[in-house]
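Asker: Read in the numbering used here, the sequence shown has 231 at position 19, and its numbers run on one by one without any break.
Glycine is no exception: its CB is placed at the ideal position from the N, C-alpha and C atoms.
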Amino acid sequence: MSPHRRHRTAILAAALFGTVTACGGGSSSAPDAGEKPSKTAAAAEAEPTKDFTLVATGDLLVHDSVIRQARADAGGKGYDFRRMIAAAAPIVAQADLAICHMETVYGADEGPFTGYPTFKTPPQLAEAVKKLGYDSCSTASNHTLDAGTEGVVRTLDAMDHAGLKHAGSARSAAESTRPAVMEAGGAKVAQLAYTYGTNGIPVPDGKPWLVNVIDPKRIIKDARAARRAGADVVVVSVHWGTEWQQAPDKLQLSLAKKLTASADHGRRDIDLIIGTHAHIPQAYEKVNGTWVVYGMGDQIAGVMGDKRGQMGSAARFTFSPPATKGKAWRVKKAEYIPHAVDNDPISLVNLPRALEKSPGNGGWTSALSTIQEAVLSRGGKKDGLAMGR
Numbered sequence: 213m214s215p216h217r218r219h220r221t222a223i224l225a226a227a228l229f230g231t232v233t234a235c236g237g238g239s240s241s242a243p244d245a246g247e248k249p250s251k252t253a254a255a256a257e258a259e260p261t262k263d264f265t266l267v268a269t270g271d272l273l274v275h276d277s278v279i280r281q282a283r284a285d286a287g288g289k290g291y292d293f294r295r296m297i298a299a300a301a302p303i304v305a306q307a308d309l310a311i312c313h314m315e316t317v318y319g320a321d322e323g324p325f326t327g328y329p330t331f332k333t334p335p336q337l338a339e340a341v342k343k344l345g346y347d348s349c350s351t352a353s354n355h356t357l358d359a360g361t362e363g364v365v366r367t368l369d370a371m372d373h374a375g376l377k378h379a380g381s382a383r384s385a386a387e388s389t390r391p392a393v394m395e396a397g398g399a400k401v402a403q404l405a406y407t408y409g410t411n412g413i414p415v416p417d418g419k420p421w422l423v424n425v426i427d428p429k430r431i432i433k434d435a436r437a438a439r440r441a442g443a444d445v446v447v448v449s450v451h452w453g454t455e456w457q458q459a460p461d462k463l464q465l466s467l468a469k470k471l472t473a474s475a476d477h478g479r480r481d482i483d484l485i486i487g488t489h490a491h492i493p494q495a496y497e498k499v500n501g502t503w504v505v506y507g508m509g510d511q512i513a514g515v516m517g518d519k520r521g522q523m524g525s526a527a528r529f530t531f532s533p534p535a536t537k538g539k540a541w542r543v544k545k546a547e548y549i550p551h552a553v554d555n556d557p558i559s560l561v562n563l564p565r566a567l568e569k570s571p572g573n574g575g576w577t578s579a580l581s582t583i584q585e586a587v588l589s590r591g592g593k594k595d596g597l598a599m600g601r
């Protein structure tokens, strides 16, 4: 994303957050009646709308082996995750917005850092993700409370320091009401995020805002609040599903139907649903006219007992503006980009690009076939879903 667009994103977020606060009874930052709009505001108002492309990727699941690899890649001093996920750079660079899923929380700067089952990830991951070009990450997962309140605070502080937006967990009640907000193609895009649970770790008393737990009514309420605050496109990230199960489970199917059926004054409340958690590729499907990605698999992870745990996809959607201002933006192009994780050394592999260079690689060919079978298993192809690169 260009520096100009990133600058405008910061301005937009401040404006939209102010609107949400004002609606909630906070102080308004609106100018006095006699005050003229700033040149920046006037320029933003005048900018024409155009198509924009959004890319989303799966779980950044930092196992012990991933931590060791990051240490080695940093030459034994600090932690460097950039090489491991570098294969995502071309996809991210071509997108107007890029969203990741931050599966784990961060440890203190000096460590200790741990993988499964209770994760504490080196905070350098946030910087690596931002440098690659990501704009925002969902942070609601079953591991959000692995390190308690301190883990949530450390994670969001590090993401703020890196300039990375986040949705799904919060440090305060006020922060929990604010979606991650970005701008692309003249559209204001809001990201909301929720998880099915926190591995049995109770949410601390008096802090229900630490992590967003799935509640259909709450999700719809939040989506409508974002829309009223000016969001043209509302994206919902959901951590759901049954681990290692390719088929969407009952929660995924029922929640997808409820959320995509919800509308206010004839306009749908949610424009895109992107899922994580199952660790393996799952289907993309159009439900009630809205695209649902049930699961993208892991973007990076250590060696899994099931080889599908090293497979996933990036989701890419191109939105086009409405003919009439205030109407719904539409997905004009839906794509999936298959990827795999190589284990020696741990690194992401863009399968279509890799197979162009090494068409005889049987392992990559097999992985591509497995991913395609999963992604297309609910009829996405008939609705125009295509493989990208």
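Buried or exposed: which applies to R570, given that a residue is buried once 16 or more other Cβ atoms fall within 10 Å of its Cβ?
Answerer: This sequence places Ser at residue 570; Arg is not what is there. It counts as exposed.
Asker: Between which two residues does the alpha helix (DSSP H) harbouring H489 extend?
Answerer: Neither: H489 is in no alpha helix (DSSP H) and is coded neither H nor E.
Asker: I need the straight-line Cα distance from G478 to E568, nearest angstrom please.
Answerer: For G478 and E568, the distance between alpha carbons rounds to 45 Å.
Asker: What's the call for L471, buried or exposed, on a 16-neighbour Cβ count within 10 Å?
Answerer: Buried, because 16 or more other Cβ atoms sit within 10 Å of the Cβ of L471.
Asker: Use the C-beta contact count for R590: other C-beta atoms within 10 angstroms, 16 or more gives buried, fewer gives exposed.
Answerer: Buried, because 16 or more other Cβ atoms sit within 10 Å of the Cβ of R590.
Asker: If you reduce the DSSP assignment to three classes, tell me which class N573 lands in.
Answerer: Note: N573 maps to coil in three-state DSSP.
Asker: With which residues is R383 paired in a DSSP beta bridge?
Answerer: Paired residue(s): none; R383 is not in a bridge.
Asker: Could you give the distance in angstroms between the alpha-carbon of S449 and the alpha-carbon of D595?
Answerer: Going by the C-alpha atoms only, they are around 21 Å apart.
Asker: Keeping to the same chain, check which residues put their C-beta closer than 6 Å to that of N573; ignore five residues upstream and five downstream.
Answerer: So no residue of the chain qualifies.
Asker: Quick test of the definition: if touching needs 3 or more C-beta pairs under 8 Å, does the segment 321-334 touch the segment 372-382?
Answerer: In short, these stretches do not touch, since the Cβ pair count stays below three.
Asker: Alpha carbon to alpha carbon, how far is Q584 from I549?
Answerer: Near 10 Å, if we compare the C-alpha coordinates of I549 and Q584.
Asker: Go ahead and label G453 buried or exposed: buried means 16 or more other beta carbons lie within 10 angstroms of its beta carbon, across all protein chains shown.
Answerer: G453 is buried by the Cβ-count criterion.
Asker: Starting from D510, trace the beta strand (DSSP E) in both directions and tell me its first and last residue.
Answerer: That run of the beta strand (DSSP E) goes D510 to I512.
Asker: Return the bridge partner residues of M599 from the DSSP annotation.
Answerer: Y548, per the DSSP bridge assignment.
Asker: In whole angstroms, what is the alpha-carbon distance linking Q494 and G592?
Answerer: The straight-line gap from Cα to Cα measures roughly 11 Å.
Asker: Alpha carbon to alpha carbon, what distance is there between P324 and A535?
Answerer: Distance between the alpha carbons of A535 and P324: 54 Å.
Asker: Taking DSSP as the reference, what is the three-state secondary structure of G524?
Answerer: Strand.
Asker: Buried or exposed: which applies to S384, given that a residue is buried once 16 or more other Cβ atoms fall within 10 Å of its Cβ?
Answerer: Label assigned to S384: exposed.
Asker: Going by beta carbon distance, what residues of the same chain come within less than 6 Å of A598, once the five residues before and after it are set aside?
Answerer: Excluding positions up to five away in sequence, the list reads E547.
Asker: Determine the DSSP secondary structure at L309, reduced to helix, strand or coil.
Answerer: Here L309 sits in strand by DSSP.
Asker: Going by CA-CA distance only, name the one from R366, A513 and G509 that's closest to A586.
Answerer: If we check each option's Cα against that of A586, G509 comes out closest.
Asker: For N411, is the classification buried or exposed, using 16 other Cβ atoms within 10 angstroms of its Cβ as the cut-off for buried?
Answerer: Classification for N411: exposed.
Asker: Give a yes or no on whether the C-beta atoms belonging to T407 and H451 are separated by under 7 Å.
Answerer: Result yes, Cβ atoms of T407 and H451 sit closer than 7 Å.
Asker: Are V423 and W541 touching if we call contact CB-CB under 7 Å?
Answerer: Result no, Cβ atoms of V423 and W541 do not sit closer than 7 Å.
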